[in-house]
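First up is the structure itself, then whatever we jot down about it.
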């Protein structure tokens with residue numbers, strides 16, 4: 001049997017797992033060197049933020065809107081992906 005599973009806004013979700021204070025707040029994850037947005041929480045999407053937006057052009061808007069920005073953390077995302085896969089295998 002095969003299944004296709006998608007975790008909504010995976011990178012943004014990973015960043016908030018250990019930060020319950022961010023629940024309900026707009027969160028974005030930035031690419032390597034914080035060049036552009038690569039993931040947005042549902043709250044960030046409701047503000048009209050989309051992946052691919054250059055961070056330097058949106059930095060002030062994010063600050064005014066209370067958007068929480070994270071640099072990408074691929075080690076965390078790999079660990080969380082492995083946890084999801086282990087859970088699905090069980």
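In my numbering, the protein residues as written are 1 to 90.
All residues carry an ideal CB built from backbone N, CA and C; glycine is no exception.
1) Give me the DSSP bridge partner(s) of residue 69.
2) Would you please state the rounded distance, in angstroms, between the beta carbons of residue 41 and residue 26? I believe it to be under 8 Å.
3) Drop a sphere of 10 angstroms on the beta-carbon of residue 74, count the other beta-carbons inside from all chains shown, and report buried for 16 or more, exposed for fewer.
4) So is residue 12 buried or exposed if we call it buried at 16+ other beta carbons inside 10 Å?
5) Residue 37 lies in the beta strand (DSSP E); which residues open and close that run?
6) Where does residue 30 land, buried or exposed, given buried means 16+ other C-beta within 10 angstroms?
7) Starting from residue 83, trace the alpha helix (DSSP H) both ways and give me its first and last residue.
8) Please return the same chain residues whose Cβ sits closer than 8 Å to the Cβ of residue 7, not counting the five positions on each side in sequence.
9) Between residue 28 and residue 49, which are expected to be in contact by the criterion C-beta below 8 Å, what is the C-beta distance as a whole number of angstroms?
In brief:
1) On the chain shown, residue 69 is found 69 positions in, with the first residue counted as 1. For residue 69, which the question treats as bridged, DSSP gives the partners 28.
2) On the chain shown, position 41 is the one that residue 41 refers to. On the chain shown, position 26 is the one that residue 26 refers to. About 6 Å separates the Cβ atoms of residue 41 and residue 26, confirming a contact at the 8 Å cut-off.
3) Position 74 of the chain shown holds residue 74. It is exposed - the Cβ of residue 74 has fewer than 16 other Cβ atoms within 10 Å.
4) As a working note, residue 12 is residue 12 in the chain shown. Under a 10 Å Cβ-count criterion, residue 12 is classified as buried, with 16 or more other Cβ atoms of the shown protein chains found around its own Cβ.
5) As a working mapping, residue 37 is identified with position 37 in the chain shown. Segment 37-40, the beta strand (DSSP E) holding residue 37.
6) As a first step, residue 30 is located in the chain shown; it is residue number 30 there, counting from the start. The residue in question, residue 30, is buried, as its Cβ has 16 or more Cβ neighbours within 10 Å.
7) Locating residue 83 in the chain shown gives position 83, where the first residue counts as 1. Here the alpha helix (DSSP H) through residue 83 covers 74-89.
8) Indexing the chain shown from 1 puts residue 7 at position 7. Contacts found: 13, 84.
9) In the chain shown, counting from the first residue as 1, residue 28 sits at position 28. In the chain shown, counting from the first residue as 1, residue 49 sits at position 49. Contact holds; Cβ gap of about 6 Å.
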